[in-house]
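In what follows, a structure is listed as structure tokens, so that the remarks can point back to it.
Here is the structure:
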């Protein structure tokens, strides 16, 4: 994608990274950085027997990753540290709820309490090509988790393999993948939680207690009640830690210096407003 922009073959490119910015802007092209409505998560596969079935272990992993340092080192401090399993702009976000601060002593205590003081092996499949920086981030996550004894193996996989996990449940013993809790375009926190729950097409995580809460939140016609119930759903999902919170989504898009009028709303590009000048 980068070479296509620099050579003039491409005018608009997506899913770039902060390391690409100096190169792109050095050639006179433009980079657009936007927060997008979602949270990047490493969902845990609980369909296999593993230490991750213990909620204390899942919480420990969330305490062990220093999200702020990942954002500072790799994302140029342009992303937001996630506090729960929905982005801060979503309907249902609770600004007063942040249960997983970076806390290594707490993480180690939870691991010991769960009987895994020496850690365990964790295999994670990461889709190739989703962004230019994902590989670096997952390597840094692995380094953080190693401090509580978790030996994370990163397996880069093509999109076809990645989709076979999501759509057909072909985990093959893998315990985690990279995915998101995206709320666009409705901005409703319930939408991704549906997918990451028992009612998903092929669930990798199932919490029966959340199902009636989801149903109640969806069925009410009172807005205040809907908000209160949605916050309860988000809180329940977050306290169960069905994955590893990483960062609130951002996107790095780049356009040729000959393109005018580029913008997007909630990941929708207004192509009809683009113009091209030589």
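Numbering (our numbering), first residue to last: 218 to 495.
Don't be surprised by glycine CBs; every beta carbon is placed ideally from N, CA and C.
Since we're looking at a predicted model, the values are computed, not measured.
Residue j beta carbon less than 7 angstroms from that of residue i
{"i": "residue 288", "j": "residue 354", "result": "no"}
{"i": "residue 431", "j": "residue 258", "result": "no"}
{"i": "residue 341", "j": "residue 417", "result": "no"}
{"i": "residue 375", "j": "residue 345", "result": "yes"}
{"i": "residue 399", "j": "residue 303", "result": "no"}
{"i": "residue 473", "j": "residue 237", "result": "no"}
{"i": "residue 269", "j": "residue 276", "result": "no"}
{"i": "residue 411", "j": "residue 457", "result": "no"}
{"i": "residue 327", "j": "residue 369", "result": "no"}
{"i": "residue 453", "j": "residue 419", "result": "no"}
{"i": "residue 331", "j": "residue 271", "result": "yes"}
{"i": "residue 365", "j": "residue 325", "result": "yes"}
{"i": "residue 468", "j": "residue 251", "result": "yes"}
{"i": "residue 361", "j": "residue 283", "result": "yes"}
Assigned exposure category for residue i - 16 Cβ within 10 Å defines buried
{"i": "residue 281", "result": "buried"}
{"i": "residue 379", "result": "buried"}
{"i": "residue 482", "result": "exposed"}
{"i": "residue 222", "result": "buried"}
{"i": "residue 487", "result": "exposed"}
{"i": "residue 489", "result": "exposed"}
{"i": "residue 363", "result": "exposed"}
{"i": "residue 403", "result": "exposed"}
{"i": "residue 239", "result": "exposed"}
{"i": "residue 440", "result": "exposed"}
{"i": "residue 243", "result": "exposed"}
{"i": "residue 504", "result": "Here the chain comprises residues numbered 218 to 495, so residue 504 is not present and cannot be evaluated."}
{"i": "residue 245", "result": "exposed"}
Anticipated Cβ contact below 8 angstroms, residue i with residue j, distance rounded
{"i": "residue 471", "j": "residue 233", "result": "5 angstroms"}
{"i": "residue 309", "j": "residue 444", "result": "7 angstroms"}
{"i": "residue 484", "j": "residue 401", "result": "6 angstroms"}
Legend entry - Contact the stretch 462-473 vs the stretch 293-302: 3+ CB pairs below 8 angstroms: yes
Inset, instruction - Taking 8 angstroms as the threshold, find out whether the stretch 258-271 comes into contact with the stretch 317-326 through three or more Cβ pairs. - result: Cβ pair count under 8 angstroms is below three, so no.
Legend entry - Sequence ranges, beta strand (DSSP E) only - wholly within the stretch 235-292, length at least 3: 247-260
Inset, instruction - Could I get the ranges of all uninterrupted beta strand (DSSP E) runs contained in the stretch 380-452, with 3 residues as the minimum, in chain order? - result: 396-399
Inset, instruction - Taking only runs that begin and end inside the stretch 352-384, name each unbroken beta strand (DSSP E) of 3 or more residues, in chain order. - result: 367-374
Legend entry - Contained alpha helix (DSSP H) runs [length at least 4] in the stretch 309-342, N- to C-terminal order: 321-330
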